[in-house]
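K.L.:
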Amino acid sequence: MGKKVLVLGEVRDGSLRNVSFEAIAAAKTIADDGEVVGVLIGDAVKSLGQELIQYGADRVVVVEDEKLKQYTSDGFSQAVMAVIDQEKPEGIVFGHTALGKDLSPKIASKLGVGLISDAVALEVVDGEVVFTRPIYSGKAFEKKVVKNGLIFATVRPNNITPLEKDESRSGDIISLSVEIKDLRTIIKEVVRKTAEGVDLSEAKVIVAGGRGVKSSEGFEPLKELAKVLGGAVGASRGACDADYCDYSLQIGQTGKVVTPDLYIACGISGAIQHLAGMSNSKVIVAINKDPEANIFKVADYGIVGDLFEVVPMLTEEFKKLKVASS
Ligand code: FAD
């Protein structure tokens, strides 16, 4: 029998993040023939409801309040709990983003239910929804099912294919009035570390540098390559620790977990803690002087060579391809 599944639409800088559409696709699988209800929380976010519907939500519930302008777990949990109270869903899906990671355990504990976090795939087997999630820093995968009660999951960005956008779809977008109690934490100011370029956690292409890049100037050729490919620049912790770049670029166990279509690792040895953050990338290219470097074990394509020669050559070739195809 079909289920009712709530999906949190995640808004950043006035737009919905892609992971919201991926979460809708996951919710459709859980809902079976049931209903997918989008949830929008913030200040002046109602206009985004239509896009959630175009990507597959059947209707949208909106909670707007000035106190919800910036994300706080305190404020958003009050809003989400009010929607859950009203809708009584049988499933909930969030993106496994910084927001989703912060909010989902709080909601799960308030509801007294389990949480399947960081799912990279889901399928229906014999009527049960089976989630796949990485364990041991991505070295293995486990499959999980919820035997009884509400199915609550977060989905890793860039893993679940969203449904095709259908501009002809329509559905109700209803406001829910919630009295948000005084917040214990207030965001005074958001200081962006990486204001320019593509968001690392949603980038389709990432060019990442390690200690082999040798200096902050050494990142310049990587930035050029990323620009030509419309991608983002990332880094190993080695490069961050050496002060070649900001920690906001760090990928790995204690940094961001990314799954782009293409990951180009430049001067990165491939320590297990780094692999934990990128080994699920669809295609991995490694550029390293050392043919024995561990990164080659996970790479689809390996280039043994000096990154300062290889990266500019790649940039030139991609530029030519772009010109030829335009
Ligand atoms: P190195 O291991 O020093 O490798 C540099 C590579 O560059 C070498 O393979 C070398 O052959 C190559 N090279 C040098 N010059 C050139 C050149 N000119 N051209 C091409 N190749 C060149 N690390 C992370 O990345 N992310 C994490 O989240 C993370 N979390 C951690 C958590 C814990 C608890 C611990 C203990 C460690 C963590 N680390 C993490 C650190 C990790 O163990 C490694 O130390 C780190 O990833 C190494 O960074 P690197 O590959 O850039 O440097």
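Residue numbers for the sequence shown follow the numbering used here, so the first one is 442 and each next one is one higher.
The beta-carbon is built from N, C-alpha and C at its ideal position, and this holds for glycine as well.
Please confirm whether any heavy atom of ligand 1 lies closer than 6 Å to the CB of Ala-712.
P.N.:
For ligand 1, at least one heavy atom lies less than 6 Å from the Cβ of Ala-712.
K.L.:
Tell whether a beta-carbon distance below 7 Å holds between Ala-667 and Val-698.
P.N.:
Cβ atoms of Ala-667 and Val-698: not closer than 7 Å.
K.L.:
On the three-state DSSP scale, how would you describe Thr-573?
P.N.:
In the structure shown, Thr-573 sits in a strand (DSSP, three-state: E or B).
K.L.:
Would you mind reading off the limits of the alpha helix (DSSP H) that contains Asn-459?
P.N.:
Residues 459-472.
K.L.:
Assuming Val-534 contacts Val-448 (C-beta within less than 8 Å), just tell me the rounded distance between them.
P.N.:
Their Cβ separation, rounded to whole angstroms, is 5 Å, which keeps Val-534 and Val-448 in contact under 8 Å.
K.L.:
Classify Glu-507 as buried or exposed, calling it buried when 16 or more other Cβ atoms lie within 10 Å of its own Cβ.
P.N.:
Classification for Glu-507: exposed.
K.L.:
Alpha carbon to alpha carbon, how far is Ile-736 from Tyr-742? Give it in angstroms, no decimals.
P.N.:
Tyr-742 and Ile-736: Cα-Cα distance of roughly 10 Å.
K.L.:
With hydrogens ignored, establish whether the beta-carbon of Leu-493 is closer than 6 Å to any heavy atom of ligand 1.
P.N.:
The answer is no for Leu-493.
K.L.:
How would you call Lys-469, buried or exposed, if buried means at least 16 neighbouring beta carbons within 10 angstroms?
P.N.:
That one is buried.
K.L.:
Rounded to whole angstroms, how far is the Cβ of Val-503 from the Cβ of Leu-617, which I believe are closer than 8 Å?
P.N.:
7 Å between Cβ atoms; contact.
K.L.:
Considering only residues of the same chain and omitting the five flanking positions on each side of Val-480, which have a CB-CB separation below 6 Å?
P.N.:
Closer than 6 Å at the Cβ level, and outside the excluded window around Val-480, lie Leu-447, Leu-449, Val-502 and Val-524.
K.L.:
What do you get for Ala-765, buried or exposed, if any count of 16 or more other CB atoms within 10 angstroms of its CB means buried?
P.N.:
The residue in question, Ala-765, is exposed, as its Cβ has fewer than 16 Cβ neighbours within 10 Å.
K.L.:
Run through the DSSP bridge pairs and tell me what Glu-583 is partnered with.
P.N.:
Answer by DSSP bridge pairing, in chain order: Arg-574.
K.L.:
Enumerate, from N- to C-terminal direction, the unbroken alpha helix (DSSP H) stretches of 4 or more residues contained entirely within the stretch 529-568.
P.N.:
Listed in chain order, they are 539-552.
K.L.:
May I have the straight-line CA-CA distance separating Glu-528 from Ile-621, to the nearest angstrom?
P.N.:
The straight-line gap from Cα to Cα measures roughly 18 Å.
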